[in-house]
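The number in my numbering is simply the position in the sequence shown, starting from 1, with 19 added.
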Amino acid sequence: MTPTGPAAAVSRPVGGTRPVDVVALGESMVTFLPSRPGRLADVPSFDRGIGGAESNVACVLAAAGHRVKWIGRVGDDGFGDHLVEAITGYGVDTSAVRRDPHRPTGIYFRTAGDRATDDHEVLYYRAGSAASAMSPDNTPRAELDSGHVLHLSGITAALSADCLALLRELTAPRPSRPLVSFDVNHRAHLWPHPETGRTVLLELARRSDLVFVGEDEAEEAWGVTGGPDAIRAALPEPRALVVKQGAGGATLFERGSGSGSGGGERGSDSGAEPGGVRGAEPGGVRDGGPRADAVTRVPALRVDVVAPVGAGDAFAAGFLSATLRGLPARDRLRHGHLTAAAALTVPGDLATPPSRDHADRLAALDDEAWGTLRLGPGWTEAVTRADEEVRTP
20 MTPTGPAAAV SRPVGGTRPV DVVALGESMV TFLPSRPGRL ADVPSFDRGI GGAESNVACV
80 LAAAGHRVKW IGRVGDDGFG DHLVEAITGY GVDTSAVRRD PHRPTGIYFR TAGDRATDDH
140 EVLYYRAGSA ASAMSPDNTP RAELDSGHVL HLSGITAALS ADCLALLREL TAPRPSRPLV
200 SFDVNHRAHL WPHPETGRTV LLELARRSDL VFVGEDEAEE AWGVTGGPDA IRAALPEPRA
260 LVVKQGAGGA TLFERGSGSG SGGGERGSDS GAEPGGVRGA EPGGVRDGGP RADAVTRVPA
320 LRVDVVAPVG AGDAFAAGFL SATLRGLPAR DRLRHGHLTA AAALTVPGDL ATPPSRDHAD
380 RLAALDDEAW GTLRLGPGWT EAVTRADEEV RTP
C-alpha cells in the first residue's frame with residue numbers, strides 16, 4: 020500500500036492547505052553569555068541572548084525562508100518581552116505564545132567553554148517557570164495542528180507532569196496528526212528520577228515519525244551501544260531516524276515505501292503529497308522486505324569551532340528544511356551538517372544559516388570535495404562559489 024500523511028511527508032515536498040510549515044513547541048529562555056572565558060564566579064559581565072531547543076529550530080527555519088510558528092509560555096515580565104520580540108525578529112510567528120502572570124520566564128547562565136569539558140558551568144533558573152505550566156488544557160490545540168510538521172523535544176517532557184501529559188497527547192496516534200519530529204535531547208539533570216526519564220524518552224521517540232538522537236545520548240539514556248544500527252534496533256517504529264555521530268557524521272534510517280503508515284493515523288487532509296518515501300542515494304537497503312530501511316551515511320564537515328552550543332538544534336533545522344523541500348536523503352543530511360556548522364562558528368545558540376543557494380551548492384559537492392571542505396567563522400557570509408571554498412588541510 021502506498022503510504023500517505025507522515026510516511027510520505029518525510030521526504031516529499033509539502034503541499035496542501037496548512038498555513039504553516041513547522042510548529043515548534045517548547046521552553047525558550049533568556050541566556051546570559053560570558054563576556055570572557057573563565058569561571059562564572061570570575062566573569063564580570065554577560066551578554067544577553069536567547070536559547071531553547073525548539074525555538075532555536077524555529078528561528079533557523081524562519082531565517083531559511085520557511086513559515087514557522089513557535090508556541091510556548093513566558094512570564095509577564097521583561098524577559099518574556101525580550102524573548103517574544105527576539106524570536107519574532109527572526110520571522111517566527113509568536114501569536115500563539117501565552118503569558119503567565121504568576122510564573123517567571125526562565126533564564127540561564129553559562130561559561131564560554133565546551134560543554135564536554137569539566138570546566139563547563141551552566142546555571143539554570145527555570146524551576147517553576149511559565150513554560151513548566153504548559154498542559155493539554157492551556158496550550159492551543161488548533162495552533163499546534165496548524166503546521167505540516169510539529170517539532171518537539173524531550174526537554175519539554177522533563178519540565179513538569181503537565182508538560183509530559185501534553186507531549187504524550189501530541190504524540191498519540193490520531194486522525195490528521197501533523198508529522199511529529201522529535202529530538203530526544205536527553206538532559207539527565209532535568210529528570211528527578213533518571214529511570215523515569217529514560218523510559219519516557221523512549222516512549223515518546225517510538226510514537227514519533229521523525230526522530231533525532233545522538234549516538235552518545237542513546238548510550239547515556241538507554242545504554243545502547245554498538246552504533247547506529249543498534250540504535251535503530253532499539254527504535255524500529257519511527258519512519259525516519261537520524262543518528263548524530265559527532266565527528267563521525269550522521270546516519271539516516273528511512274523505512275521503505277512498502278510499509279504501513281507512520282507514527283500516527285492520519286486523514287486525507289494531512290497536506291502531504293502522496294507517494295512512497297524516496298530511497299537513499301548512497302548507502303543501502305537493510306534486511307529486505309516491506310519494512311526495509313534505506314540507510315544513508317554522510318560524514319561530518321571539518322569545522323573551526325567557536326562554541327558547540329546550539330549545533331544539534333541547527334542540524335535538526337537544516338534537515339527539516341531540506342525535508343520540506345523534498346531533497347534526497349544525502350542532501351538532507353548534508354544540509355543538517357551545514358546548518359550545524361553555522362552554529363558551531365558563532366559564540367551563541369543561534370546563527371544565521373547559509374543562504375539556500377549557498378547551501379545547495381555545498382550540498383551538491385562530490386564526495387571528495389565534501390571530504391576536504393573546511394568551514395570557519397564567517398563562512399555563511401561568503402559569496403564565492405562552492406569550489407572556491409574547498410581547500411585541503
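Where is the CB? At the ideal position from N, CA and C, for every residue including glycine.
As the structure is a computational prediction, the values presented were derived from the model and not from experiment.
- In this structure, residue 220 sits away from residue 200, with a CB-CB distance that is not shorter than 8 Å.
- The three-state secondary structure of residue 400, taken from DSSP, is helix.
- 8 Å or more divides the Cβ of residue 250 from the Cβ of residue 206.
- Between the alpha carbons of residue 39 and residue 236 lies a gap of roughly 31 Å.
- Here residue 317 is not near residue 259, since their CB atoms are 8 Å or more apart.
- Apart from the 5 residues on each side of it in sequence, residue 359 sits with its Cβ closer than 7 Å to the Cβ of 330, 333, 334 and 337 in its chain, given in chain order.
- For the pair residue 386 and residue 349, the Cα-to-Cα distance works out to about 11 Å.
- Of all alpha-carbon atoms in 370, 81 and 71, the one lying nearest the alpha-carbon of residue 150 is that of 71.
- Counting along the chain, no alpha helix (DSSP H) covers residue 42; the unbroken beta strand (DSSP E) around it starts and ends at 39 to 44.
- Taking one beta carbon from each stretch, the region 75 to 85 and the region 138 to 147 have fewer than 3 pairs nearer than 8 Å; the two do not touch.
- Nearest neighbour of residue 245 by Cα position, chosen from 256, 262 and 231, turns out to be 262.
- Contact between the region 52 to 72 and the region 154 to 163 is absent: fewer than 3 CB-CB pairs across the two stretches fall below 8 Å.
- Across the structure, residue 194 and residue 51 are spaced so that their CA atoms are roughly 42 Å apart.
- Note on geometry: alpha-carbon atoms of residue 96 and residue 105 lie some 14 Å from one another.
- Beta bridge pairing from DSSP links residue 144 with 126.
- Each residue's CA atom was taken as its position, placing residue 168 and residue 79 some 15 Å apart.
- Nearest Cα to residue 113 within the set 47, 396 and 58: 47.
- Distances from the CA of residue 322 to each of 393, 356 and 176 were compared; the closest alpha carbon is that of 393.
- Bridge pairing for residue 139: absent [DSSP].
- Under the three-state reduction of DSSP output, residue 329 falls in the coil class, being neither helix nor strand.
- Closest by C-alpha distance to residue 371, out of 159, 109 and 344, is 109.
- Where residue 247 is concerned, the enclosing alpha helix (DSSP H) starts and stops at 247 to 253.
- For residue 244, the secondary structure class from DSSP, reduced to helix, strand or coil, is coil.
- Straight through space, the alpha carbons of residue 117 and residue 342 are spaced by roughly 29 Å.
- Within the model, the alpha-carbon separation for residue 267 versus residue 319 is close to 6 Å.
- Taken in chain order, the complete alpha helix (DSSP H) segments of 4 residues or longer contained in the region 58 to 136 are 72 to 82 and 97 to 108.
- Cβ contact annotation for residue 356 (same chain, cutoff 8 Å, sequence separation greater than five): 268, 269, 317, 319, 320, 334 and 337, in chain order.
- Assigned with DSSP and collapsed to three states, residue 365 falls in coil, not helix or strand.
- For the pair residue 378 and residue 384, the Cα-to-Cα distance works out to about 10 Å.
- Given a length threshold of 4 residues, each whole run of the alpha helix (DSSP H) inside the region 162 to 202 is given here in chain order: 173 to 178 and 180 to 190.
- Close CB contacts of residue 102 within its chain, under the 7 Å cut and outside five residues either way in sequence, are with 47, 49, 69, 93 and 124 (chain order).
- For residue 53, the enclosing beta strand (DSSP E) starts and ends at 48 to 53.
- In the three-state scheme derived from DSSP, where H, G and I count as helix and E and B as strand, residue 324 is classed as coil.
- For residue 270, the enclosing beta strand (DSSP E) covers residues 269 to 274.
- Residues 141 of the same chain have their beta carbon placed closer than 6 Å to that of residue 129, with the five preceding and five following residues left out of the count.
- Collapsing the DSSP output to three states places residue 346 in coil.
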